[in-house]
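Trainee:
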């Protein structure tokens, strides 16, 4: 070769390709190993979930881990306690809310929210539900898709519609509104009474007795609410014409709004029945 240095670039390229190949093989090995570890962890987690589900189905408060030989509490045991103990238990149904690191992060986030409040007043939001979970009255964390929150939402929606119906019954100065003046003031009082009872109902739904973390501070009267409603229905039946056909929803403002209240009430009832089939409610 006339000029040996002419091979230097070729040798350099070969070295570079060799290093690149080694790095590529190493990256592939690490990726394969990571995938293998991930699949192994997923298999172990499935085995844990299946063992736990079987123990819960048998109503057991705990089971012996087949791998470690340790005794592990099921979620039934934690629910009987009613709150997160903060020890990072495997089957904590409260999203480990009292584990020191998580609790500190949550409190720090709450503090930042308060600091950012421009009014200096306590904010009405905490961002603790940004992950799709919220707290019941007893401190238990549940998914916002839980039947209890569905029932709470429907009852709250019903309360809002009743408030709108009460407003529609208010006499006003316009000619159209004066035409509604024949509606009895008594009906407005009855609707307001129902709204207060719906608030009581919400407090019951938000504090499931079977999983209470603390003694309920909500007091409920022994009033016969169903009997009172039946009495009101009988009073109304006496002053309206006989109903011998299905009624098409509509009419003046209050009438249409009360039809909306009726249908939302039916939905809230169905939600409460579904919830009651899973856990007894008052």
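Residue numbers (UniProt numbering): 1 to 282.
Using N, Cα and C, we set each Cβ at its ideal position, and we do this for glycine too.
On a predicted model such as this, the values are computed, not experimentally measured, just so you know.
Give the secondary structure of residue 211 by DSSP, where H, G and I count as helix, E and B as strand, and everything else as coil.
Mentor: Position 211 of the chain shown holds residue 211. Because the pLDDT at residue 211 is just 48, under 50, the model does not fix this residue reliably, and the value given afterwards should be weighed accordingly. Helix, per DSSP.
Trainee: Within its chain, find whatever has a CB closer than 6 Å to the CB of residue 256; leave out the 5 residues flanking it on each side and keep chain order.
Mentor: Taking the chain shown and counting its residues from 1, one reaches residue 256 at position 256. So the list reads 250, once near-sequence residues are dropped.
Trainee: Flag this pair as yes or no: are the beta carbons of residue 147 and residue 278 separated by less than 8 Å?
Mentor: In the chain shown, residue 147 corresponds to position 147, counting from 1. In the chain shown, residue 278 corresponds to position 278, counting from 1. Their beta carbons are under 8 Å apart, which means residue 147 touches residue 278 by this criterion.
Trainee: What residue range is occupied by the uninterrupted alpha helix (DSSP H) comprising residue 266?
Mentor: For this step, residue 266 is matched to residue 266 along the chain shown. Segment 253 to 278, the alpha helix (DSSP H) holding residue 266.
Trainee: Going by the DSSP bridge assignment, what does residue 72 pair with across the sheet?
Mentor: Residue numbering aside, residue 72 sits at position 72 when the chain shown is read from its first letter. DSSP, once it has assigned bridges, lists 63 as partnering residue 72.
Trainee: Just to confirm before moving on: does the CB-CB distance between residue 94 and residue 60 stay below 8 Å?
Mentor: Here residue 94 refers to the residue found at position 94 when the chain shown is read from its first residue. Here residue 60 refers to the residue found at position 60 when the chain shown is read from its first residue. No, Cβ-Cβ distance for residue 94 and residue 60 is not below 8 Å.
Trainee: To the nearest angstrom, report how far apart residue 186 and residue 162 are at their CA atoms.
Mentor: In the chain shown, the residue the question calls residue 186 occupies position 186. In the chain shown, the residue the question calls residue 162 occupies position 162. Looking at the two C-alpha atoms, the distance is approximately 14 Å.
Trainee: Once the 5 residues before and after residue 195 are set aside, which same chain residues still bring their CB inside 7 Å of it?
Mentor: The residue given as residue 195 occupies position 195 in the chain shown. Here the set comprises 159, 162 and 163.
Trainee: Only counting the same chain, and skipping five residues up and downstream in sequence, which positions put a Cβ closer than 7 Å to that of residue 267?
Mentor: The count along the chain shown starts at 1 and reaches residue 267 at position 267. Contacts found: 154.
Trainee: Could you tell me the distance, in whole angstroms, from the CA atom of residue 53 to the CA atom of residue 190?
Mentor: Position 53 of the chain shown, counted from the start, is the residue given in the question as residue 53. Position 190 of the chain shown, counted from the start, is the residue given in the question as residue 190. Their backbone Cα atoms lie some 48 Å apart in a straight line.
Trainee: Would you report the Cα separation of residue 131 and residue 55, rounded to the nearest angstrom?
Mentor: Numbered from 1 along the chain shown, position 131 holds the residue referred to as residue 131. Numbered from 1 along the chain shown, position 55 holds the residue referred to as residue 55. Those two C-alpha atoms are separated by around 28 Å.
Trainee: Could you give the first and the last residue of the continuous alpha helix (DSSP H) run that contains residue 206?
Mentor: Numbered from its first residue, the chain shown carries residue 206 at position 206. Where residue 206 is concerned, there is no enclosing alpha helix (DSSP H), given that its DSSP letter is neither H nor E.
Trainee: Got a sec, what are the start and stop residues for the beta strand (DSSP E) residue 135 sits in?
Mentor: Taking the chain shown and counting its residues from 1, one reaches residue 135 at position 135. It spans 133 to 135 - the beta strand (DSSP E) in which residue 135 sits, taken as one unbroken run.
Trainee: For the alpha helix (DSSP H) that contains residue 145, what are its first and last residues?
Mentor: Taking the first residue of the chain shown as position 1, residue 145 is located at position 145. Premise fails: residue 145 is in no alpha helix (DSSP H) and is neither H nor E.
Trainee: What is the rounded straight-line gap between the Cα of residue 36 and the Cα of residue 42?
Mentor: On the chain shown, residue 36 is found 36 positions in, with the first residue counted as 1. On the chain shown, residue 42 is found 42 positions in, with the first residue counted as 1. Approximately 10 Å, taken between the alpha carbons.
Trainee: Run through DSSP, which three-state label would residue 91 get?
Mentor: The count along the chain shown starts at 1 and reaches residue 91 at position 91. If DSSP states are grouped into helix, strand and coil, residue 91 belongs with coil.
Trainee: Helix, strand or coil for residue 346 per DSSP?
Mentor: Past the boundaries of the shown model lies residue 346; the chain is included only from 1 to 282, so the question cannot be answered.
Trainee: Under three-state DSSP, which class holds residue 281?
Mentor: On the chain shown, residue 281 is found 281 positions in, with the first residue counted as 1. Note: residue 281 maps to coil in three-state DSSP.
Trainee: DSSP three-state label for residue 238, please.
Mentor: Position 238 of the chain shown, counted from the start, is the residue given in the question as residue 238. Correct three-state label for residue 238: coil.
Trainee: Should residue 85 and residue 165 be called a contact, given that it needs their Cβ atoms to be closer than 8 Å?
Mentor: Locating residue 85 in the chain shown gives position 85, counting from the first residue. Locating residue 165 in the chain shown gives position 165, counting from the first residue. No, these two residues do not count as a Cβ contact at 8 Å.
Trainee: When the distance is taken between beta carbons, is residue 73 closer than 8 Å to residue 96?
Mentor: Counted from its first residue, the chain shown places residue 96 at position 96. Counted from its first residue, the chain shown places residue 73 at position 73. No, the pair does not count as a contact, with Cβ atoms beyond the cut-off.
Trainee: Between 225, 48 and 135, which lies nearest to residue 193 when the distance is taken from Cα to Cα?
Mentor: For the purposes of this step, residue 193 is taken as residue 193 along the chain shown, with counting starting at 1. Nearest of 225, 48 and 135 to residue 193, Cα basis: 225.
Trainee: Please classify residue 39: is it buried, with 16 or more other beta-carbons within 10 angstroms of its beta-carbon, or exposed?
Mentor: Within the chain shown, numbered from 1, the residue matching residue 39 stands at position 39. Burial call: exposed.
Trainee: Is the CB-CB distance between residue 79 and residue 62 below 8 Å?
Mentor: Working through the chain shown from its first residue, we reach residue 79 at position 79. Working through the chain shown from its first residue, we reach residue 62 at position 62. No, the pair does not count as a contact, with Cβ atoms beyond the cut-off.
Trainee: Using the C-alpha atoms, what's the distance from residue 241 back to residue 234?
Mentor: As a working mapping, residue 234 is identified with position 234 in the chain shown. As a working mapping, residue 241 is identified with position 241 in the chain shown. Taking the straight line joining both Cα atoms gives about 13 Å.
Trainee: Alpha carbon to alpha carbon, what distance is there between residue 87 and residue 98?
Mentor: For this step, residue 98 is matched to residue 98 along the chain shown. For this step, residue 87 is matched to residue 87 along the chain shown. Going by the C-alpha atoms only, they are around 8 Å apart.
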